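Structure record follows, encoded as structure tokens.
2 protein chains.
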Amino acid sequence: MKLTEAKAQFISSWGAFGTHWGINRTMAQIHALLLISPDPITQDDIMEQLSISRGNVNMNTRDLIGWGLVERVLIPGERKEFFSAEKDIWKVATQIIKERKKRELDPMLKLLAQLEQIEGDKKDREVKQFTETISGIRKFGGQADKVLDVMIKADENWVLNSLLKFFK
Amino acid sequence: MKLTEAKAQFISSWGAFGTHWGINRTMAQIHALLLISPDPITQDDIMEQLSISRGNVNMNTRDLIGWGLVERVLIPGERKEFFSAEKDIWKVATQIIKERKKRELDPMLKLLAQLEQIEGDKKDREVKQFTETISGIRKFGGQADKVLDVMIKADENWVLNSLLKFFK
DNA sequence: ATATATTTTCAATAAGTTTTGAAAATTCAA
DNA sequence: TTGAATTTTCAAAACTTATTGAAAATATAT
Chain F
264 MKLTEAKAQF ISSWGAFGTH WGINRTMAQI HALLLISPDP ITQDDIMEQL
314 SISRGNVNMN TRDLIGWGLV ERVLIPGERK EFFSAEKDIW KVATQIIKER
364 KKRELDPMLK LLAQLEQIEG DKKDREVKQF TETISGIRKF GGQADKVLDV
414 MIKADENWVL NSLLKFFK
Chain G
264 MKLTEAKAQF ISSWGAFGTH WGINRTMAQI HALLLISPDP ITQDDIMEQL
314 SISRGNVNMN TRDLIGWGLV ERVLIPGERK EFFSAEKDIW KVATQIIKER
364 KKRELDPMLK LLAQLEQIEG DKKDREVKQF TETISGIRKF GGQADKVLDV
414 MIKADENWVL NSLLKFFK
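Just so you know, the sequences run in chain order F and G.
With our numbering applied, the first sequence covers 264 to 431.
With our numbering applied, the second sequence covers 264 to 431.
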């Protein structure tokens, strides 16, 4: 397989993959393109390589920056802005976990804690099942939360860091 | 907070939460409803409680069964079919992980293995960055794959099982 | 067998999301 | 300043996905 074909395939699959992970197709495709670009590239490069509009590139690069996966790079002597993606996959994964935890898991756990304190007769089958389900999810979520925190902070913890080196 | 209000909130949030996890809103809402129902319920119960059409319930319960999260229950003397959800959250999580691994991670790793064997001059910056990125993702994905397999099979492994009891 | 209850299918439609592109805003150099 | 280059915004259009509902299929009781 030639580079051009392989690139196209990677970008397309990473885009499809992204849609399953709360990241939209184009955002994931731009991310893919940046991951395989050895040097920072411009809005126009992205527009051209992915055949998408300027507005689209602008919005999605902004989102990628919001996710902490991409950064703007200023190149001396160049008027245009350049974009570059974090290439260390461990850092990419950590960053995504961190963001999703903040955006999804944390608010869910907060809600569950409230729902657990429902008023009502505990002998009522409905009430009983409701509180049992909510508390089961909350406990599980709480543990997941802790595990993820540990992963995110792995770099500050040498025991874990050495364990996690396997992943790097 | 009263049960009725709490139920509505839980169903609505679980639905929103699901959309971030590759599960559609309605499917997640039906799942939520089943999770808090002490007894199996019918299509009509679901239609009524969530105000959705018969066809919608039918398709989504079918999908939930496909994900291994819900099962049909036959109640002696009843003409209608009843549905019931697995209530053990650890099992629910395991099942979701198993399915998503099969549907998403495995095919991605297969593709990456192919893309890694690209033809081309390794001194070319483009080629170099491409293979480095692909191989980085593949290695990371491969480790994740192993970890997930271990989690899925935890019940067969007592050391892990005792570790994982924390989650249960 | 027939009637009735129940489930399934799927084309049409509705709802939601992404993309475009042109106008407005901003940045920068002379 | 002014003007050209560049980036940003956002309403409208295109596209995608989810939902409805009625007809067809299936199952069950008599």
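Cβ atoms here follow ideal geometry from the backbone N, Cα and C, with glycine treated the same way.
None of these values were measured; they are calculated from a predicted model.
**Q.** Opening and closing residue of the beta strand (DSSP E) in which E334 of chain F lies
**A.** Residue mapping note: residue 334 of chain F aligns to position 71 of the first sequence, counting from 1. First-last of the beta strand (DSSP E) with E334 of chain F: 333 to 336.
Q) Can a CB atom of chain F be found closer than 9 Å to the CB of W353 of chain G? A) Here residue 353 of chain G corresponds to residue number 90 of the second sequence, with the count starting at 1. Cβ-Cβ to chain F under 9 Å: yes for W353 of chain G.
Q: Identify, in the order they occur along the chain, each residue of the same chain with its Cβ nearer than 7 Å to the Cβ of L298 of chain F, setting aside the five sequence neighbours on each side.
A: In the first sequence, counting from the first residue as 1, residue 298 of chain F sits at position 35. Cβ neighbours of L298 of chain F beyond the five flanking positions: A348, K350.
Q) Does the beta-carbon distance from I274 of chain F to L313 of chain F come in below 9 Å? A) Taking the first residue of the first sequence as position 1, residue 274 of chain F is located at position 11. Taking the first residue of the first sequence as position 1, residue 313 of chain F is located at position 50. In contact: I274 of chain F and L313 of chain F (Cβ atoms closer than 9 Å).
**Q.** Under 9 Å from the C-beta of Q392 of chain G: neighbouring residues of chain F
**A.** Residue numbering aside, residue 392 of chain G sits at position 129 when the second sequence is read from its first letter. Correct list: L298, I299, S300, P301, D302, K350.
Q) Alpha carbon to alpha carbon, what distance is there between N287 of chain G and V390 of chain G? A) Sequence index remark: in the second sequence, residue 390 of chain G carries index 127 (1-based). Sequence index remark: in the second sequence, residue 287 of chain G carries index 24 (1-based). Whole-angstrom Cα-Cα distance: 39 Å.
Q) Are the Cβ atoms of H294 of chain F and V320 of chain F separated by less than 9 Å? A) Stepping through the first sequence from its first residue, residue 294 of chain F is reached at position 31. Stepping through the first sequence from its first residue, residue 320 of chain F is reached at position 57. No, the pair does not count as a contact, with Cβ atoms beyond the cut-off.
Q. Just the Cα atoms here: how many angstroms apart are L375 of chain G and G340 of chain F?
A. The residue given as residue 375 of chain G occupies position 112 in the second sequence. The residue given as residue 340 of chain F occupies position 77 in the first sequence. Whole-angstrom Cα-Cα distance: 37 Å.
(Q) Does S275 of chain F come out as helix, strand or coil in the three-state DSSP assignment? (A) Counted from its first residue, the first sequence places residue 275 of chain F at position 12. Residue state, collapsed to three classes: helix.
**Q.** Spatial neighbours of S316 of chain F in its chain, beta-carbon cut-off 8 Å, leaving aside the 5 residues before and after
**A.** Working through the first sequence from its first residue, we reach residue 316 of chain F at position 53. Same-chain partners within the cutoff: M310.
Q.
Based on DSSP bridge pairs, tell me the residues matched to F345 of chain F.
A. One-based indexing of the first sequence puts residue 345 of chain F at position 82. Paired residue(s): F:T305, F:V336.
Q: Kindly say whether R366 of chain F, judged by its beta-carbon, lies nearer than 9 Å to any beta-carbon of chain G.
A: Within the first sequence, the letter at position 103 stands for residue 366 of chain F. At least one chain G Cβ lies under 9 Å of R366 of chain F.
Q. Based on Cα-Cα distance, which residue from F:I352, F:T357, F:I304, F:R325 lies nearest to V336 of chain F?
A. For the purposes of this step, residue 336 of chain F is taken as residue 73 along the first sequence, with counting starting at 1. Selected option, being the one with the closest Cα: F:I304.
Q) Within the 9 Å Cβ cut-off, does R400 of chain F reach chain G? A) Numbered from its first residue, the first sequence carries residue 400 of chain F at position 137. In the sequence under discussion, the amino acid at residue 400 of chain F is Ile, which differs from the Arg named in the question. Output row for I400 of chain F: interface = yes.
Q: Go through its chain and collect everything with a Cβ distance to R401 of chain F's Cβ below 7 Å, but skip five positions before and after it.
A: The residue you call residue 401 of chain F lines up with position 138 of the first sequence. Counting only Cβ-Cβ distances below 7 Å, and skipping sequence neighbours, we find L372, L375, A376, E379.
(Q) Please identify the residue among G:K385, G:K365, G:K343 whose C-alpha is closest to the C-alpha of W330 of chain G. (A) For the purposes of this step, residue 330 of chain G is identified with residue 67 of the second sequence, where counting begins at 1. Looking at the Cα atoms, G:K365 is the closest of the given residues.
Q) How would you list, in chain order, the residues of chain G whose beta-carbon sits under 7 Å from the beta-carbon of T396 of chain F? A) Start at 1 with the first residue of the first sequence, and residue 396 of chain F comes out as number 133. By Cβ distance, chain G contributes L298, I299, K350.
Q | Positions along the segment 272 to 292 of chain F whose CB lies within less than 7 Å of some CB in chain G | A | Q272, F273, S276, F280, H283, G285
Q: Run down chain G in chain order and give the residues with a C-beta less than 7 Å from the C-beta of I381 of chain F.
A: For the purposes of this step, residue 381 of chain F is identified with residue 118 of the first sequence, where counting begins at 1. Chain G residues near I381 of chain F: M264, L266, A269.
(Q) Given this structure, state the Cα-to-Cα distance separating F403 of chain G from W353 of chain F, to the nearest angstrom. (A) Sequence index remark: in the second sequence, residue 403 of chain G carries index 140 (1-based). Sequence index remark: in the first sequence, residue 353 of chain F carries index 90 (1-based). Near 7 Å, if we compare the C-alpha coordinates of W353 of chain F and F403 of chain G.
Q) Which chain F residues sit within Cβ distance under 8 Å of M371 of chain G? A) In the second sequence, residue 371 of chain G corresponds to position 108, counting from 1. By Cβ distance, chain F contributes S276, F280.
Q) Is DSSP giving D351 of chain F helix, strand or coil here? A) Taking the first residue of the first sequence as position 1, residue 351 of chain F is located at position 88. If DSSP states are grouped into helix, strand and coil, D351 of chain F belongs with coil.
Q.
According to DSSP, simplified to helix, strand and coil, what is I328 of chain F?
A. For the purposes of this step, residue 328 of chain F is taken as residue 65 along the first sequence, with counting starting at 1. Correct three-state label for I328 of chain F: helix.
**Q.** Sub-9 Å separation of I360 of chain G and I415 of chain G beta-carbons
**A.** Within the second sequence, numbered from 1, the residue matching residue 360 of chain G stands at position 97. Within the second sequence, numbered from 1, the residue matching residue 415 of chain G stands at position 152. It is a contact, given that the beta carbons lie within the stated cut-off.
Q | Distance between beta carbons of G383 of chain F and L368 of chain G, contact taken as under 8 Å | A | Sequence index remark: in the second sequence, residue 368 of chain G carries index 105 (1-based). Sequence index remark: in the first sequence, residue 383 of chain F carries index 120 (1-based). Incorrect: roughly 42 Å between the Cβ atoms, too far for contact.
Q) So, is the C-beta of F403 of chain F closer than 9 Å to a C-beta in chain G? A) One-based indexing of the first sequence puts residue 403 of chain F at position 140. For F403 of chain F, the answer is yes, since a Cβ of chain G falls inside 9 Å of its Cβ.
(Q) According to DSSP, simplified to helix, strand and coil, what is H461 of chain F? (A) What is shown of chain F runs 264 to 431, which leaves residue 461 of chain F out entirely.
(Q) Can you tell me whether I315 of chain G is helix, strand or coil according to DSSP? (A) Residue numbering aside, residue 315 of chain G sits at position 52 when the second sequence is read from its first letter. Residue state, collapsed to three classes: coil.
**Q.** R362 of chain G: contacting residues in chain F (beta-carbon distance under 8 Å)
**A.** As a first step, residue 362 of chain G is located in the second sequence; it is residue number 99 there, counting from the start. Sequence inspection shows Glu at residue 362 of chain G; the Arg mentioned does not correspond to that position. The contacting residues do not exist; E362 of chain G stays about 11 Å from chain F at best.
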